[in-house]
Every structure is written in structure tokens, then in C-alpha cells.
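Engineer:
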DNA sequence: GTGATATTGTTAGCTTTGCTAACTAACTAT
DNA sequence: ATAGTTAGTTAGCAAAGCTAACAATATCAC
């Protein structure tokens, strides 16, 4: 029987390891980021635009779990680089629709590939079973982050 | 037969998802960090000191995958807060030994628990099988980050 | 021994990314 | 009409990363 006030030691240890691994993973990926000229947060936002279609600034901020001012600046920078556009909504003039440009899509493809290349190769070298574990883990964590 | 120049689509997709999930996970954890007064990078470094014993600044920087100046500042801040100490090495006077203080250990325990509390609870609510998947995934990713 | 080279850590200064507070503009409801 | 809410921006701050340049110490070649 598990107490509610005290979780199984398991859960804490796993949480700790997941946290630790995530920190190190991102620090490693950030390095190669710079090669593509597109930073992590920018490529992540651009990715949402490319795969999720045009978005409101607020939706984009929510999707990226970032505050509006932060996203406002990121979008401004993407726009300055010609990677995204902002267009006014006709029905609600407070709203702006943010969309990826063709250039943005192209750069994302190239940048993304390059940035994750090393990791992808490492994952490819794993056994089928290990790849499956990572795939399931990603799904579980995604779920925890959104619905949990 | 797999080409070497072109990985199985699988690997790229998994890499992408892992990356995406890691970004969101850390952004989420950072929020609760502030409650303990100990930021993510600091608690991570302190954790290395507590569980790995006294370390050289360089070793600490390497362990945390960070450059020396970055770790130098983090350690200075930990020291200012009375969470770590720096002592000179007798045999090699270029080296400093960095160790966690009792206060540092105590704060780490408390802070760490609080920071990862939500995640730990979520993990605890998963099935035994799902927890096992996360555990294995963490081990695999740790290995990729260090030895791979 | 001495001079060149390595290594360790620090300082200074920059960039990026996040935040909150305060504001404007526009929509909604009473 | 007016009060409140929502969307986005601007300004200003802090944290955490980096490189470049430097001081101090070790080590190695000779």
C-alpha cells in the first residue's frame, strides 16, 4: 500500500534522472544549434508554425510554454529574418496571425536536420528495442506535459 | 539494408520528439525552481557535488557540460550563499577543490524534492510498465550523452 | 636551472532567453 | 457609455551561456 503523502522512492529517482538527462541533452544540442543560424527557441517556434499552421501569438506562446512578451520578441526576430509573417485578422483587430514563410520552412528543414543529426545517428545505432523505449518515453512525457 | 548516409525515418522522428519533449519539460520545471531559491543549473551543480563528492572546477564544468567561466560563476554564487566551499589543493596550487556544505546538502534535499514534486507525482501515477519505460529511456539517453 | 608550453581558474564583456510591469488598442457585456 | 477583459508591445531586469584575455602554477625540453 502506498501512502499518498510519500511517493514510492522510484518516482522521485526517475523524476530526478529524467530531469538530469533533459538538462544535459539540451545543453548538448544547443551547441550544434548555432551552426544552422537558428537558435533552439526560434526553430522550435518556427516548427510549431510549419507543422501546426498559422497561429495567434498567444496560441504560439502557449504551445511553447512561454509568456507573450517572450514570444513577441522571438516572432519579431523571425520576421526580421524573413522566416515568418504577421498579418492582421479582419474580424478581431487585436489579433495577429503568424505564419511561416517558404524561406522559413526551407531553413527549418535544413536546420532541424543538421541540429538533430548527431542525436538521430546515435538513436539509429541503438537496437530496435531501445528505439522503441525512447519512442514510448517521449509519448509518455509529452502526455505528462500537456494533459497530466 | 540501411544506407549510412540516410538514416531510417524512425531515428529522426524520435530525435525530434525527444528534443521537443525535453524543451517543454525543462521549461515547466524551471517555473517551480524559483520557489526553492535554487535555480536549475545551481541545484544541478550542487547535486553533482553532493552525490559525486568534492570536485575540481574543471571536472564540475565537464560533468555539467558547461565551460569553465560559467561554472566559475555558479560556484562563486553557491559559495556566496554558503552552499559550497572552495579549498586550495596542497599539491597543485592551480586547483581548487569544491565541496558542498551541510547547508548545501540540506537545501538540495528540500529544493530538489519541491522542484520535482509535481513530476514525481505524475510519474508515480503511471503504470508500473510506464515507469519502467521512463527509467530505461533515462538510462539510454544518459549513455548517449556521455559515452555515445 | 631556465625557458617554452600546458593547464587551471578568473575577469570582463557580450548574447540569448526568459520574466514582470505598464501600456495601447480593441472587443464584450452591462 | 462605461467598465472590464483580452491581445500584443515596449521597457527594463536577471540568469546562464559563450569567447577572449589574463594570472598563476606545473611540466617538459634542453
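Protein chains in written order, with my numbering: chain V, 1 to 148; chain C, 149 to 296. All C-beta atoms, glycine included, are put in the ideal place defined by N, C-alpha and C.
(1) Looking at the C-beta of residue 77 (chain V), does it have a partner C-beta in chain C at a distance below 9 Å?
(2) Is residue 165 (chain C) close to chain V, meaning its C-beta is less than 9 Å from at least one C-beta of that chain?
(3) Leaving out five residues before and five after residue 211 (chain C) in sequence, what residues of the same chain have Cβ atoms less than 8 Å from its Cβ?
(4) With distances taken from CA atoms, which of C:262, C:167 and C:209 is nearest residue 43 (chain V)?
(5) Flag residue 174 (chain C) as yes if its beta-carbon sits less than 9 Å from any beta-carbon of chain V, otherwise no.
(6) Could you tell me the boundaries of the beta strand (DSSP E) in which residue 234 (chain C) lies?
(7) Rank C:269, C:284 and C:231 by C-alpha distance to the C-alpha of residue 254 (chain C) and give the top, closest one.
(8) Quick one: which chain C residues come within Cβ less than 7 Å of residue 133 (chain V)?
(9) Between which residues of its own chain and residue 153 (chain C) is the CB-CB distance below 6 Å, once the five residues before and five after are set aside?
(10) I think residue 125 (chain V) touches residue 162 (chain C), with their Cβ atoms under 8 Å apart; what is that distance to the nearest whole Å?
(11) Is the separation between the beta-carbon of residue 186 (chain C) and that of residue 246 (chain C) shorter than 9 Å?
(12) Identify whether residue 80 (chain V) lies in helix, strand or coil by the three-state DSSP scheme.
(13) Output the distance between the C-alpha atoms of residue 170 (chain C) and residue 252 (chain C), rounded to the nearest integer angstrom.
(14) Is there a Cβ of chain C sitting closer than 9 Å to that of residue 88 (chain V), yes or no?
(15) By the DSSP assignment, the beta strand (DSSP E) with residue 99 (chain V) in it spans what residues?
(16) Is there a Cβ of chain V sitting closer than 9 Å to that of residue 198 (chain C), yes or no?
(17) What's the gap between the Cα of residue 114 (chain V) and the Cα of residue 249 (chain C)?
(18) Evaluate residue 172 (chain C) with the Cβ neighbour count: other Cβ atoms within 10 Å of its Cβ, from every protein chain shown; 16 or more gives buried, anything less gives exposed.
(19) Can you tell which of V:41, V:110, V:116 and V:132 has the C-alpha that lies nearest to the C-alpha of residue 77 (chain V)?
(20) If you compare alpha carbons, which of V:122, V:73 and V:60 is closest to residue 160 (chain C)?
(21) Give the residues of chain V in contact with residue 188 (chain C), contact being defined as C-beta atoms less than 9 Å apart.
Structural biologist: Quick answer:
(1) The beta carbon of residue 77 (chain V) sits no closer than 9 Å to any beta carbon of chain C.
(2) Yes, contact with chain V.
(3) These residues qualify, in order along the chain: 196, 200 and 203.
(4) Across the set C:262, C:167 and C:209, the C-alpha of C:167 shows the shortest separation from the C-alpha of residue 43 (chain V).
(5) At least one CB of chain V lies nearer than 9 Å to the CB of residue 174 (chain C).
(6) 232-236 is the span of the beta strand (DSSP E), which, as asked, contains residue 234 (chain C).
(7) Nearest C-alpha to residue 254 (chain C): C:231.
(8) Ordered by position in chain C, the residues that pass the 7 Å Cβ test against residue 133 (chain V) are 281, 284, 285 and 288.
(9) Because residue 153 (chain C) sits at a pLDDT of 45, beneath the cut-off of 50, its placement in the model cannot be relied upon, and the following sentence gives the value as read from the coordinates. Leaving aside the five residues that flank residue 153 (chain C) on each side, none in its chain has a CB nearer than 6 Å to its CB.
(10) Actually they are not in contact, since the Cβ atoms of residue 125 (chain V) and residue 162 (chain C) sit about 12 Å apart, beyond 8 Å.
(11) Going by C-beta atoms, residue 186 (chain C) is not nearer than 9 Å to residue 246 (chain C).
(12) Reduced to three states, the DSSP call for residue 80 (chain V) is helix.
(13) Between residue 170 (chain C) and residue 252 (chain C), the C-alpha separation is close to 27 Å.
(14) Not one chain C Cβ lies under 9 Å of residue 88 (chain V).
(15) Residues 96-100.
(16) Look at residue 198 (chain C): its C-beta is not under 9 Å from any C-beta on chain V.
(17) In this model, residue 114 (chain V) and residue 249 (chain C) are separated by some 42 Å (Cα to Cα).
(18) By the neighbour-count rule (16 or more Cβ atoms within 10 Å), residue 172 (chain C) is buried.
(19) When each option's Cα is compared against that of residue 77 (chain V), the closest is V:41.
(20) If we check each option's Cα against that of residue 160 (chain C), V:122 comes out closest.
(21) Correct list: 19 and 23.
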